[in-house]
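The listed protein sequences correspond, in order, to chains A and B. Using this note's numbering, the letters of the first sequence correspond one by one to residues 835 to 1418. Using this note's numbering, the letters of the second sequence correspond one by one to residues -17 to 150. Data first, discussion second: the structure below is written as structure tokens.
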Amino acid sequence: MTETLSGAQAIIRSLELLGVDTVFGLPGGAILPTYDPLMDSSKIRHILVRHEQGAGHAAEGYAAASGRLGVCIATSGPGATNLVTAIADAHMDSVPILAITGQVNSHAIGTDAFQEADIVGITMPITKHSFLVTKAEDIPAVMASAIEIATTGRPGPVLVDVAKDAQNAKFEFSWPPTKEMTPGYKPVTDPHGKQVQAAAELILQSKKPILYVGGGVIRAGAHKELHKLAKLIGAPVTTTLMARGAYPDSDPQHLGMPGMHGTVPAVTGLQKADLLITLGARFDDRVTGDVKTFAKGAKVIHVDIDPAEIGKIRHADVPIVGDAKVVIAMLTQELEKQLKGKKYDISEWWSYLNGLKERYPLGYNDLDDGKLAPQYVIERIGQLSGPEAIYAAGVGQHQMWSAQFINYENPNTWLNSGGAGTMGYAVPAAMGAKVAMPEKLVWAIDGDGCFQMTNQELATCTINQIPIKVAIINNSSLGMVRQWQTLFYNKRYSNTDLHTGTDTQMVPDFVKLSDAYGCLAIRVEKVEEVDAAIKLAMETNDRPVVIDFIVGRDAMVWPMVPAGVSNDAVQYARDAAPIWDGEE
Amino acid sequence: MSQHVLSLLVEDKPGILTRVAALFARRGFNIESLAVGTTEVEGVSRMTVVVNLDGQPLEQVTKQLNKLVNVLKIVELEDDSSVARDHMLVKVRTDASTRSQVLEAVTLFRARVIDVVSDSVVIEVTGDSAKCKAFIKVLEPFGIKELVQSGAIAISRGSKSMSEKVLK
Chain A
835 MTETLSGAQA
845 IIRSLELLGV
855 DTVFGLPGGA
865 ILPTYDPLMD
875 SSKIRHILVR
885 HEQGAGHAAE
895 GYAAASGRLG
905 VCIATSGPGA
915 TNLVTAIADA
925 HMDSVPILAI
935 TGQVNSHAIG
945 TDAFQEADIV
955 GITMPITKHS
965 FLVTKAEDIP
975 AVMASAIEIA
985 TTGRPGPVLV
995 DVAKDAQNAK
1005 FEFSWPPTKE
1015 MTPGYKPVTD
1025 PHGKQVQAAA
1035 ELILQSKKPI
1045 LYVGGGVIRA
1055 GAHKELHKLA
1065 KLIGAPVTTT
1075 LMARGAYPDS
1085 DPQHLGMPGM
1095 HGTVPAVTGL
1105 QKADLLITLG
1115 ARFDDRVTGD
1125 VKTFAKGAKV
1135 IHVDIDPAEI
1145 GKIRHADVPI
1155 VGDAKVVIAM
1165 LTQELEKQLK
1175 GKKYDISEWW
1185 SYLNGLKERY
1195 PLGYNDLDDG
1205 KLAPQYVIER
1215 IGQLSGPEAI
1225 YAAGVGQHQM
1235 WSAQFINYEN
1245 PNTWLNSGGA
1255 GTMGYAVPAA
1265 MGAKVAMPEK
1275 LVWAIDGDGC
1285 FQMTNQELAT
1295 CTINQIPIKV
1305 AIINNSSLGM
1315 VRQWQTLFYN
1325 KRYSNTDLHT
1335 GTDTQMVPDF
1345 VKLSDAYGCL
1355 AIRVEKVEEV
1365 DAAIKLAMET
1375 NDRPVVIDFI
1385 VGRDAMVWPM
1395 VPAGVSNDAV
1405 QYARDAAPIW
1415 DGEE
Chain B
-17 MSQHVLSLLV
-7 EDKPGILTRV
3 AALFARRGFN
13 IESLAVGTTE
23 VEGVSRMTVV
33 VNLDGQPLEQ
43 VTKQLNKLVN
53 VLKIVELEDD
63 SSVARDHMLV
73 KVRTDASTRS
83 QVLEAVTLFR
93 ARVIDVVSDS
103 VVIEVTGDSA
113 KCKAFIKVLE
123 PFGIKELVQS
133 GAIAISRGSK
143 SMSEKVLK
């Protein structure tokens, strides 16, 4: 059965038929035709953002919190280029989002028309795929393909750029689309049985295995399978920045986060292991440090749905291409078969690791200037809000402390910009998460620098009744950059002072600013005020809440492996390397 | 440095050349030559890419290329099981005293003269890149006024076709 629709109506109808219920966007000339039928849709909620970057990050937050596709819409030219940062971010962190952009009329493409930008060309290196649509009749098939590509295999951003005349043209719409748009797209999800068998053999031969868990486990929804595998073999687990929540922090097998600001047990566990069971992780430089000296004595099992990740940085002794959920379940089954009820004994490895856990727990000190310790604030937010809440962070010191001092028990509860390191991610991502999961308590833990990049979305939150909680960890500086200046640039603080603290010019005053946006705004400067403010924020659901936590600027993120250095050189605190036992 | 000949079947869609070329550029893979044209199947183009690799495994190149949605199939064409040809047009200075020597070189290299004027000839030659290089060397003393060369195109020996399995 067919029906005569305009291209614009077909975009909205296709989205509805593909199960999209929310889009974040901002209209403009070239996308105007699509905004008209959008107004009539009873199935799609459109949330009008204040800047297109906010729409992009909101779509990411929506996707990361729910595991579903996030959608954002913008007009041509600057509307589309404002999405670029969020698209790049989604590409680095494998977030399934669909970006729909208007384009100038097809006959005007290439003429430097008003608000024309080659957004397909601009985003080619940062999308999983992109489409330029110049004919209305291609719209249903393109929309179906775009969503399939974004959400299957290794997820990622897909851009659909639609010329204005294609939105206006009428055609005979039918569903499902019959035209195959992408015959070359065939992701592999089922692994080779022989590889799984080889992996199981390698595991049972190893004396010092470690589960190196990456964000792929969360994207695959494989946390339950991971838990079963970890319990079967009793191996230590480390979850990367992108994988926080994939394995419960409360579990004694969990060593914490690895990498530049990882725990000593996790960093050292990887270094001393004889086998890395790598699940949906990609040997990022922030995890490996100097690659040549990373886990030198270890063999590698590498499970990833993206074949190109395997062997890219580190040779894999057993490469397994497949969906983490499928592979981990098969591997567990194979191990059970090979174990035949026997126990796999790695108690010697554990006595070494437990020693590290005892000697080098995560911690922090009070500050000399008597100001609030940022780690304490973040820890209390986590303790009072609990593991069911969702936490979105910006980028920098507050992000690392949020990864370290909040206990994650569930997947999709920790949202951050890992690969791209996009400042300004937190507020719009929290907004997207709250829209996707309205019953959840959603925190944006932000820095004073990050907050100033995207706080305009507080207007979106207030107007659309999206009651997120924002904790500004206000140290009046670009904190992480300042930390590097302290450590590596002789305390020469070039351009890192933001003047937002209470003993500065205080521009802007975050309380006044948030008040102007219609939020409940609270300032906290003393330890005894922390809990009350957090509780008040948790109880307030008729508007967004912003707490301006004035914290000391000299707090630093520890442990730390300086960039490009071997992970053997992990520092527990400044000038304090762990003391290794004689034989190590 | 190792050299490889890759044959790619791709969808004939706008931007596919950019997608392939840009991938090589951003991943730091060096293209020696790239040739693209239509195939026996409508809507499918074939690219022959000669790639020079310095350290990176070829596997990374093919895996990254495979991630491009419009790429349908990639094979590496090895020397002993395939043929590769470059096509070259050369404008060489000639006069009455040198023309016969130039024509002799043309015969020896199984090339063809396709344009003649009083002071130059245009020669067409086809062959592998070593033959083309050798021919240039022979012509150089006469004076090469202009030279244009295609990238290599390559095909496997035997009766199998690259598109067989991809496009049923």
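Beta carbons: idealized from backbone N, C-alpha and C, even for Gly.
Does E1417 (chain A) come within less than 8 Å of chain B when only Cβ atoms are used?
-> Any reading at E1417 (chain A) must be qualified, since the residue scores a pLDDT of 45, below 50, and its modelled position is unreliable; the value itself is stated next. Not one chain B Cβ lies under 8 Å of E1417 (chain A).
Cβ-based contacts, 8 Å cut-off: residues of the region 87 to 116 of chain B near chain A = Within the region 87 to 116 of chain B, no residue has its Cβ closer than 8 Å to any Cβ of chain A.
For chain B, is any of its Cβ atoms less than 8 Å away from the one on T985 (chain A)?
-> no
Taking DSSP as the reference, what is the three-state secondary structure of V1014 (chain A)?
-> What sits at residue 1014 (chain A) in the sequence shown is Glu, not Val. Coil.
Name the DSSP bridge partner or partners of W1248 (chain A)?
-> A:Y1225
Under a CB-based cut-off of 8 Å, is P1025 (chain A) close to chain B?
-> With 8 Å as the cut-off, P1025 (chain A) does not count as an interface residue toward chain B.
Can you name the start and end residues of the alpha helix (DSSP H) that I921 (chain A) belongs to?
-> 918 to 926
Indicate whether at least one CB of chain B lies closer than 8 Å to the CB of M958 (chain A).
-> yes
What first and last residue would you give for the beta strand (DSSP E) that runs through E837 (chain A)?
-> 837 to 840
Interface partners of R1 (chain B) on chain A, CB under 8 Å = M958
Whole-angstrom Cβ separation of A1115 (chain A) and I1044 (chain A), contact assumed at under 8 Å?
-> With a Cβ gap of about 11 Å, A1115 (chain A) and I1044 (chain A) do not count as contacting.
Jot down the residue ranges of each uninterrupted alpha helix (DSSP H) in the region 1342 to 1409 of chain A, minimum 4 residues, whole runs only, in chain order.
-> Qualifying alpha helix (DSSP H) stretches, in chain order: 1344 to 1350, 1361 to 1373.
Taking only the alpha-carbon atoms, compute the straight-line gap between R1193 (chain A) and R988 (chain A) and give it to the nearest angstrom.
-> Whole-angstrom Cα-Cα distance: 39 Å.
Closer than 8 Å, CB to CB, is K49 (chain B) near chain A or not?
-> yes
Going by CA-CA distance only, name the one from A:E1243, A:A1371, A:D1388, A:R1387 that's closest to V1380 (chain A).
-> A:A1371
Closest residue to N1308 (chain A) among A:G1175, A:E1273, A:R1357, A:M1271 (Cα-Cα distance) = A:R1357
Given that E58 (chain B) touches chain A, what residues does it touch there, using C-beta distances under 7 Å?
-> Going along chain A, no residue has its Cβ under 7 Å from E58 (chain B), so there is no contact; the nearest lies around 16 Å.
Do P867 (chain A) and L903 (chain A) have their CB atoms nearer than 8 Å?
-> no
Applying a beta-carbon distance threshold of less than 7 Å, which residues of chain A neighbour R8 (chain B)?
-> P959
What residues match up with I846 (chain A) in a beta bridge as DSSP calls it?
-> In the DSSP output, where bridge partners are listed per residue, I846 (chain A) has none listed.
DSSP-derived helix/strand/coil call for L129 (chain B) | strand
Span of the alpha helix (DSSP H) holding V166 (chain B)?
-> For chain B, the structure presents residues -17 to 150; residue 166 (chain B) sits outside this window and is missing.
Comparing the CB of P989 (chain A) with every heavy atom of the ligand ZN, is any distance shorter than 7 Å?
-> Ligands are entirely absent from the displayed structure, and the ligand ZN is therefore not among its contents.
Verify the CB distance criterion: does K45 (chain B) have a CB-CB separation below 8 Å to chain A?
-> yes
Under a three-way DSSP split, which group does N1241 (chain A) fall into?
-> In the displayed model, N1241 (chain A) falls within coil according to three-state DSSP, outside both helix and strand.
Rounded to whole angstroms, what's the CA-CA distance from D1424 (chain A) to H1057 (chain A)? Just pull it up for me.
-> The first residue shown for chain A is 835 and the last is 1418, placing residue 1424 (chain A) beyond what the model contains.
Check the C-beta distance from L932 (chain A) over to A1000 (chain A) and give it rounded, since I have them as a contact under 8 Å.
-> Contact doesn't hold; Cβ gap of about 17 Å is too wide.
With 16 as the cutoff for other CB atoms within 10 Å, does A1389 (chain A) come out buried or exposed?
-> buried
Residues in its own chain within less than 6 Å of F1005 (chain A) by CB, not counting five upstream and five downstream?
-> Excluding positions up to five away in sequence, the list reads A970, E971.
The beta strand (DSSP E) with P1195 (chain A) in it runs from where to where?
-> Counting along the chain, P1195 (chain A) falls outside any beta strand (DSSP E), and DSSP gives it neither H nor E.
Could you say which of A:D1024, A:E894, A:G1018 lies nearest to S145 (chain B) if we only look at CA atoms?
-> A:G1018
Under the three-state reduction of DSSP, which class applies to A17 (chain B): helix, strand or coil?
-> Of the three classes helix, strand and coil, the one that applies to A17 (chain B) here is strand, per DSSP.
Rounded Cβ spacing between D51 (chain B) and H963 (chain A) (contact assumed at less than 8 Å) | Rather than Asp, the amino acid found at residue 51 (chain B) in this sequence is Val. Between H963 (chain A) and V51 (chain B) the Cβ distance is about 4 Å, and since that is below 8 Å, they are a contact.
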